[in-house]
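All remarks here apply to the structure that follows.
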Amino acid sequence: MGSKTIFDEWDINSEYFTTVVRENPSLRGMILGYIAERKLKDIFISSGETTNHRKEDDHDRTKKGDLTLNYKGYEIVLEVKSLQTNQIKIQAPDGSWIPMIIKKSVGRKPSKGFNKNGTPKIGQIIYKYVPNPDFLAFSDEYRLNATYMGAFQCDASDRRKIELDNGKIVNTTLLKVGEFDVIAAGIFSFRNKWEFGFALNEDLPRSSRYGENSSHLIASLVQITYPLEKPFVSDPFEIFERVITKRKASLLDEY
């Protein structure tokens, strides 16, 4: 008898699980993120070009990166991020951009307050993101070959103390330039294919949150397109070679 699946353990079926995930975009994003990490690891293992694949302890704030591996004798640290669903747009035939999901009013919060005339105050509107019918109207073939734009969150899960250029210490989730080597942006949600855009850490846009004093901090929201545009490429080894070249140059500068 085979081992139990999550469906067996939780006493649900695939249809039930699918419904729950579709009703909760944040859950969908979290699941996609972890699957993207595993898919990326599988891609590298099957390539035969890398070894010693591992993930650092999530609770160790001194070590960043979702996947660490060895390539040509060098250790490479990758940070894996996934698209934010509410940032995804597809280009329509007329050139306009159609969002994948839209915000819809689903009711109002109850209000205990009263107006001066004694009537109950109207509660705050409750919004929920739902699939955009205009997006769903495109055929599978069109969506497969379309142009997309989107963005991914590129920051740490927890706040920690960071020193700015002027020496000031701030608590922030922003990532520092150099905390990892390569960003691997999972763009599955563009075409429903396990594809990634790879870029060198130092090529990512900088944050402007602290003005000129945050030149060494990466922007918390990074734009990405499909087809990929600079600084992103589909071949990770192209970026790995750049990492190695920079390290060799750095060693030469030390002598």
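Letter 79 of the sequence shown, counting from 1, is numbered 79 in full-length UniProt numbering, and no numbers are missing. All C-beta atoms, glycine included, are put in the ideal place defined by N, C-alpha and C.
Item                                                                                                                                                                                  : Value
Under a three-way DSSP split, which group does M30 fall into?                                                                                                                         : helix
Secondary structure at R247, three-state DSSP: helix, strand or coil?                                                                                                                 : helix
Here's a check: name, in chain order, each residue in its chain whose Cβ is nearer than 6 Å to the Cβ of Q87, leaving out the five neighbours to either side.                         : G150 and A151
Counting only the same chain and skipping the five closest in sequence on each side, list residues whose C-beta sits under 6 Å from that of M1.                                       : Low confidence applies to M1: its pLDDT is 47, below 50, so where it sits in the model is not reliable, and the reading given next is rough at best. Correct list: empty, nothing qualifies.
Please state the DSSP three-state secondary structure of S105.                                                                                                                        : strand
If I measure Cβ to Cβ from Y129 and keep anything under 8 Å in the same chain, skipping five residues before and after, which residues do I get?                                      : P25, T85, N86, I101, I102, K103 and K104
Going by DSSP, what residues sit across from T172 in a beta bridge?                                                                                                                   : R160
Can you give, in chain order, each stretch of the beta strand (DSSP E) that sits fully within the region 107-132 and has at least 3 residues?                                         : 125-131
For L67, I'd like the list of residues in its chain whose CB is within less than 7 Å of its CB, leaving aside the five on either flank, ordered along the chain.                      : E37, L40, K41, H53, K55, L78 and V80
Can you look up F240 in the DSSP assignment and give me helix, strand or coil?                                                                                                        : helix
Please work out which residues of its chain come closer than 8 Å, Cβ to Cβ, to I244, disregarding the five sequence neighbours upstream and downstream, and give them in chain order. : Y71, K72 and Y74
For a test of the three-state rule: what should DSSP assign to N201, helix, strand or coil?                                                                                           : helix
Count the C-beta pairs between the region 223-241 and the region 187-197 that are closer than 8 Å, then say yes if the count reaches three, no if not.                                : yes
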